[in-house]
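Colleague:
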Amino acid sequence: MNEWTHIIVSSVLFVVTLFAITKIGGKKQLSELSFFEYVSGITIGSIAGEVIMGLDGNLFHGVLAIVIFGTITYLHDLIGIKSKKFRDFFEGKATVIIKDGKVMEENLKKEKYTIDELNSLLRQKNVFKTADVEFAVLEPKGDLSVLLKKEVLPLTAKDLNLPVAPEKESYTVIMDGNVLNDQLASACKTKGWLDIELANLGVTLDNVFLGQVDSYGKLFIDTYDDQLQVPAPQPRKLLLAMLNKCQADLELFALATESSSTKEMYNKNARKLQEAIQKVKPFLKE
1 MNEWTHIIVS SVLFVVTLFA ITKIGGKKQL SELSFFEYVS GITIGSIAGE VIMGLDGNLF
61 HGVLAIVIFG TITYLHDLIG IKSKKFRDFF EGKATVIIKD GKVMEENLKK EKYTIDELNS
121 LLRQKNVFKT ADVEFAVLEP KGDLSVLLKK EVLPLTAKDL NLPVAPEKES YTVIMDGNVL
181 NDQLASACKT KGWLDIELAN LGVTLDNVFL GQVDSYGKLF IDTYDDQLQV PAPQPRKLLL
241 AMLNKCQADL ELFALATESS STKEMYNKNA RKLQEAIQKV KPFLKE
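Each residue of the sequence shown is one higher than the one before, counting from 1 in this note's numbering.
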């Protein structure tokens, strides 16, 4: 076997082997590595590179070494699922870095982090003052989890007891100018509806790069022509405005009539419509 053939065959063989080992290891191998997985990954890569470029190397020995390291990594993950002590030993424990706005200097030194590195991690969480932090934990994989103090947290609809409409999955119904019929059906929409919506926006299907339908049945599109200004449809706002106008008209009719029974009827219906508006208003806001 000449040099070029050796390199081609060994490269293909190791790509297949590494792919199989990664698939067996699961998605965790592709996300955040633990210390053990990091060391194992470097070793496997080094073995593969050495055997591929080492023309005198034995392919079988290289594959065997990679399979052994891959098996050890797989067993490490398997045992870690069943034993917390095993996980704590190989992957480490979470470390409290900030408590009640106070930096825990000893823990910071223990994890070999400087104050500049801590500030950088905090800025990545949009936190610029340690005094605003109630609790911060350095996770075993190097991420910083931050809990802000109650007084600096942004207000939410729950804090104000405001009812809000539930948000569900959006469906991509157009991609690269092509209609995705399965996604369109999942969104409970038809091709005819899509054609009407595109016509209302003044856009042809060929010019649509991406089209999505949200949980309210509203179509959002992104066109190939970035200079094209697409008007945003606002059917919910128009419906809310129409309901408010009807309620106001009922109150005006009540003021205009001289009949007490008719006045009471208009006022009663105006109140009912106002109650209905308050219930559906969170669903009709953009």
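By construction, the Cβ of each residue, glycine as well, lies at the ideal position given by its N, Cα and C atoms.
For Q247, does the count of other Cβ atoms within 10 angstroms reach 16, so buried, or fall short, so exposed?
Modeller: It is buried - the Cβ of Q247 has at least 16 other Cβ atoms within 10 Å.
Colleague: According to DSSP, is L30 helix, strand or coil?
Modeller: Here L30 scores only 46 on pLDDT, less than 50, and its place in the model is too uncertain to base an answer on.
Colleague: Rounding to the nearest angstrom, what Cα-Cα distance links P166 and T5 in this structure?
Modeller: Their Cα atoms are separated by approximately 60 Å.
Colleague: Leaving out five residues before and five after A131 in sequence, what residues of the same chain have Cβ atoms less than 7 Å from its Cβ?
Modeller: These residues qualify, in order along the chain: G101.
Colleague: For G192, report the span of its alpha helix (DSSP H) as first-last.
Modeller: It spans K191 to L201 - the alpha helix (DSSP H) in which G192 sits, taken as one unbroken run.
Colleague: Cα-Cα, which of I79, K109 and Q278 is closest to N244?
Modeller: Minimum Cα distance to N244 is reached at Q278.
Colleague: Is it buried or exposed for V96, if we count other Cβ within 10 angstroms and need 16 for buried?
Modeller: That one is exposed.
Colleague: I believe K99 touches F128 by the beta-carbon criterion, under 8 Å. Please report the beta-carbon distance rounded to the nearest angstrom.
Modeller: Actually they are not in contact, since the Cβ atoms of K99 and F128 sit about 19 Å apart, beyond 8 Å.
Colleague: Please return the same chain residues whose Cβ sits closer than 6 Å to the Cβ of S170, not counting the five positions on each side in sequence.
Modeller: Around S170: Q212 and D214.
Colleague: State the Cα-Cα distance for the pair E151 and K93, rounded to the nearest angstrom.
Modeller: For E151 and K93, the distance between alpha carbons rounds to 29 Å.
Colleague: Do you know offhand how far K281's Cα is from C188's?
Modeller: If I take the Cα positions, the gap works out to 23 Å.
Colleague: For V179, list the residues DSSP reports as bridge partners.
Modeller: DSSP lists I174 as partners of V179.
Colleague: First and last residue of the beta strand (DSSP E) that includes L144?
Modeller: From DSSP, the beta strand (DSSP E) with L144 extends over L144 to L148.
Colleague: Apply the 10 Å Cβ neighbour rule to A199 and answer buried if 16 or more other Cβ atoms are within range, or exposed otherwise.
Modeller: Answer is exposed; the Cβ neighbour count stays below 16.
Colleague: With a Cβ-Cβ cutoff of 9 Å, do N269 and L250 count as a contact?
Modeller: Taking 9 Å as the Cβ cut-off, N269 and L250 qualify as a contacting pair.
Colleague: Under three-state DSSP, which class holds T5?
Modeller: It is helical.
Colleague: Is it right to say G80 is buried, meaning 16 or more other beta carbons lie within 10 angstroms of its own, or is it exposed?
Modeller: Result: buried.
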